[in-house]
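Trainee: What follows is a structure written as structure tokens; I'll ask about it next.
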Amino acid sequence: MIAEVVFNLPLERSFHYAVPEPLRAGLQRGMRVLVPFGRRELMGWVVGLPARSPIKELKPLRRAVDPVPVIADERWVLAEWVSSYYYCSIGEALAAMVPSGLRLKFAAGSGLGAGGNCPQPSALSPEPTLTIHQQQGLRRIIEALDAGRPATLLVHGVSASGKTELYLQAIRHCLAQERAAICLVPEIALTPQTIERFRDRFGGLVAIWHSRLGARQRAAEWLRMARGECRVVVGPRSAVFAPLQRVGLIILDEEHETTYKQEDVPRYHARDVAQARARLAGAVVLLGSATPSVESFYQAARGRIGLITLPERVEGRPLPRVDLVDLREQWGARGRATPFSAVLRRALEQVVEQGDQAMLLLNRRGFARVAQCQGCGLTLRCDRCSVPLVYHAGRAELVCHYCSRREPLPAVCPACRKGYLRLRGMGTERVESELHRLFPVARIARMDLDTTRRRESHRELYEAVKTEQVGVLVGTQMIAKGLDFPQVTLVGVVSAATALNLPDFRAGERTFDLLTQMAGRAGRGARPGRVVIQTYCPGHYAIQAAARHDYGGFYAEEIRMRRRVGLPPFTHLVELTVKGTSRERAQAAADALGAALLVRQRSVAGRAGITLLGPAPHRIPRLRKTHRVCLILKGASAAPLVALLRRTLQPGRRFKGMPVVVDVDPL
Ligand SMILES: [Zn+2]
Ligand SMILES: [Zn+2]
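Going by the working numbering, 590 is the number at position 589 of the sequence shown; the sequence numbering is gapless.
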């Protein structure tokens, strides 16, 4: 007996091993096994049990890791799709589909016992009455579910328009069809309220899937899913691979969020994987957002996917009034630099006096973004990455936000040894300290990566705001997501252009999303909300449209720009990052790769329309001492670009000995 095994390595091929006698009865395709590989022992995946092998002397595999296959059904084809679309090996795709460290422990032979019984939610908590738009939307979803064919529907609903209720009732219908549902959320720790609502509605049928589960809990939840004991899974992007059978519905809440894109191999986007899985399972995909990605809205505008619109908030609540404050006019004002314009300060005073709640957004953490010498002008940078160090006042140190390196703030400039260091560019810590100075009696809290590192800290902060122990919450984009506090009557954006300065064609989209999401936090309760947005670019179309709650206006402007310059959704991009220990070596390999791509592209018929951009330095040319040079391939679809790469790159996704990071549809 022979086992064909693949590994979580950038190797396109599989390897054969002999199966020793004791393992022969139980070994199946889809199980993980431990095998000798060179001098190491590696975990691999059994992808086949061929009758014979061209190799004479096969090494025996050592033992099986799993008592049952951990990959089954349509997920095999899904793995092949991930591997071919995103240019990774089957082993790399399979590894992404099963949580690392998953150890299933139960008697072999007891199996998964996928019984015919299909548990239904026992006592449904009462469902609220739907608005007319919700009813129309639900009818469309139910029609699609009943048709039993793959379909995608985009739910474009303004903030507080009741998207979650629509999901819940769609899931109920899916369960009644004896099918299962997956609901993806951008980040599980940031969505306590959504989880509460799922648990209330479906009780023990819900599995919550996230990376902070312990190994044992994780195995238990995985088994409950595979055995059909729970039939609704709520989780982050990796839950798109949940081992559920008969999946009927896959929901992506806040489908525009960047966390749906995986940053390591395979660099998949959960939206595209969900649609691929739905095609295989005959399932319906629901994409929900107040600010749909330009890609998704374009598909809906072209009629390729369905569109459900929820244009009003529930209970007829108005969208908040938005005031733009031009920060350029503040330059003339005398006195010390402050995060608050007169307008925002007055609005804050009012909130504090009335005992309401306010949320303040500044999407930069730390105290000061730059430490610069007043003598020689030197900006202190990380010596391993090409980025300035950020000053954190809490521990009085400089921190690299890319490699986490820390060092104390020097008393004088380390270069000229006489200049004092001036701290410029404010972050959330600075806003918090200004608030304490201006409003000594207010209850102020900060929510960003620095204050939520501990496992329970996000939850504790959330509870403190919910129970109104916190009056003013300062934070990064973390506070813009999914939080529903009815007492918040003021939302302030300290600086709205932080993303616009990035060399990223999606900067306008990101800014519009963040401002719209943030504005959506205000006035969710009985009292109307107000939003104050401070910005240096009040004329930018993304900021103007956000201030008018005008997705249509933003989209029209954005899609015109994308069409004019040939960017997604009109094209697909593949980003190649060549890494090297020296700038010269990385550059030389990137130049050679660019030349090779051009030669091959010309020699292959039907490859017309592929454009090569670069080589050019990466946005952060040096990270953790590694130099990076980028190339971008652009074409009408991704497959020919990947095919060209497969012919050009060397085994292990290298070129001239240098590793090449391949990112299909990069964000
Ligand atoms: Zn100096
Ligand atoms: Zn660094």
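Glycine included, each C-beta is placed from N, C-alpha and C at the ideal position.
Here the structure is a predicted model, which means the values were calculated and not measured.
By DSSP, does Tyr556 sit in helix, in strand, or in coil?
Mentor: Note: Tyr556 maps to helix in three-state DSSP.
Trainee: Rounded to a whole number of angstroms, what is the C-alpha to C-alpha distance between Val400 and Gln651?
Mentor: Taking the straight line from one Cα to the other gives about 37 Å.
Trainee: Find out if the Cβ-Cβ distance for the pair Ala271, Val248 is shorter than 8 Å.
Mentor: Not closer than 8 Å, so no.
Trainee: Taking 6 Å as the limit between beta carbons, can you name the residues of its chain near Leu512, skipping five residues before and five after?
Mentor: As written in the sequence, residue 512 is Thr, which differs from the Leu given in the question. So the qualifying residues of the chain are Ala500, Leu501, Ala543.
Trainee: If we require 4 or more residues per run, which alpha helix (DSSP H) segments fall completely within the region 433-489?
Mentor: DSSP runs (the alpha helix (DSSP H)) wholly in the region 433-489: 458-467.
Trainee: Which class does Ala591 belong to by DSSP, given the choice of helix, strand or coil?
Mentor: Helix.
Trainee: Pop quiz: Ala19 and Lys60 are said to be a contact at Cβ under 8 Å. What is the actual Cβ separation, rounded to whole angstroms?
Mentor: Their Cβ separation, rounded to whole angstroms, is 7 Å, which keeps Ala19 and Lys60 in contact under 8 Å.
Trainee: Tell me whether the beta-carbon of Pro11 lies closer than 8 Å to the beta-carbon of Arg425.
Mentor: No, they are not a contact pair.
Trainee: Can you find a C-beta in chain C that's less than 8 Å from the C-beta of Arg525?
Mentor: Of the chains in the structure shown, none is chain C; there is only one protein chain.
Trainee: Which residues share a DSSP beta bridge with Pro618?
Mentor: In the DSSP output, where bridge partners are listed per residue, Pro618 has Val630.
Trainee: Taking just the CA atoms, how far does Ala589 sit from Val495?
Mentor: Spanning the two alpha carbons is a distance of roughly 44 Å.
Trainee: Any heavy atom of ligand 1 inside 7 Å of the beta-carbon of Leu410?
Mentor: No, the Cβ of Leu410 stays beyond 7 Å of every heavy atom of ligand 1.
Trainee: Just verifying my parser: in three-state terms, what is the DSSP assignment at Lys635?
Mentor: The answer is strand: DSSP assigns Lys635 an E or B state.
Trainee: According to DSSP, simplified to helix, strand and coil, what is Cys401?
Mentor: In the structure shown, Cys401 sits in coil (DSSP, three-state: anything other than H, G, I, E or B).
Trainee: If distances are taken between C-alpha atoms only, which option among Arg601, Ala523, Glu510 comes closest to Ala557?
Mentor: Closest by alpha carbon: Glu510.
Trainee: Alpha carbon to alpha carbon, how far is Gly39 from Phe16?
Mentor: Whole-angstrom Cα-Cα distance: 12 Å.
Trainee: Quick one: what's got a C-beta closer than 6 Å to His402's C-beta in the same chain, skipping five residues either side?
Mentor: Hits under 6 Å: Val391.
Trainee: Between the beta-carbon of Gln358 and the beta-carbon of Phe486, is there less than 8 Å?
Mentor: Yes, the pair counts as a contact, with Cβ atoms nearer than the cut-off.
Trainee: Buried or exposed: which applies to Val475, given that a residue is buried once 16 or more other Cβ atoms fall within 10 Å of its Cβ?
Mentor: So Val475 counts as buried.
Trainee: Can you give the beta carbon distance from Met44 to Arg33, rounded, assuming they're within the 8 Å contact cut?
Mentor: Rounded, the Cβ-Cβ distance is 6 Å, consistent with contact.
Trainee: Could you give the DSSP three-state label for Val295: helix, strand or coil?
Mentor: If DSSP states are grouped into helix, strand and coil, Val295 belongs with the helices.
Trainee: Might you give, ordered along the chain, the residues of its own chain that have their beta carbon closer than 6 Å to the beta carbon of Pro70, omitting 5 neighbours on each side?
Mentor: Counting only Cβ-Cβ distances below 6 Å, and skipping sequence neighbours, we find Gln29, Gly31, Met32.
Trainee: Taking buried to mean at least 16 other C-beta atoms within 10 Å of its own C-beta, is Ile611 buried or exposed?
Mentor: The residue in question, Ile611, is buried, as its Cβ has 16 or more Cβ neighbours within 10 Å.
Trainee: Are Leu250 and Leu146 touching if we call contact CB-CB under 8 Å?
Mentor: In this structure, Leu146 lies closer than 8 Å to Leu250 by Cβ.
Trainee: On the three-state DSSP scale, how would you describe Leu181?
Mentor: Here residue 181 is Ala; the residue named in the question, Leu, does not match the sequence. DSSP places Ala181 in strand when its eight states are reduced to three.
Trainee: Spell out the partners DSSP gives Arg407 in its beta bridges.
Mentor: Note: Arg407 sits in a beta bridge opposite Val400.
Trainee: In the structure shown, what three-state DSSP assignment does Lys60 receive?
Mentor: DSSP places Lys60 in coil when its eight states are reduced to three.
Trainee: Compute the Euclidean distance between the alpha carbons of Leu574 and Leu484, then round it to the nearest angstrom.
Mentor: Their backbone Cα atoms lie some 34 Å apart in a straight line.
Trainee: Tell me whether the beta-carbon of Ile560 lies closer than 8 Å to the beta-carbon of Val156.
Mentor: No, the pair does not count as a contact, with Cβ atoms beyond the cut-off.
Trainee: Which term fits Gln121, buried or exposed, when burial requires 16 or more other beta carbons within 10 angstroms of its beta carbon?
Mentor: Flag for Gln121 reads exposed.
Trainee: Of all the options Ile445, Val471, Leu308, Arg280, which has the alpha carbon lying nearest to the alpha carbon of Gly158?
Mentor: Of the candidates Ile445, Val471, Leu308, Arg280, the one whose C-alpha sits nearest the C-alpha of Gly158 is Leu308.
Trainee: Which residues in the same chain have their Cβ closer than 6 Å to the Cβ of Ala548, if we skip the five residues on either side of it in sequence?
Mentor: Cβ neighbours of Ala548 beyond the five flanking positions: Val323, Leu325.
Trainee: Relative to the C-alpha of Arg675, which candidate in His628, Tyr299, Val233 has its C-alpha closest?
Mentor: The structure shown does not extend to residue 675, since the chain is modelled only from 2 to 668, so the question has no answer here.
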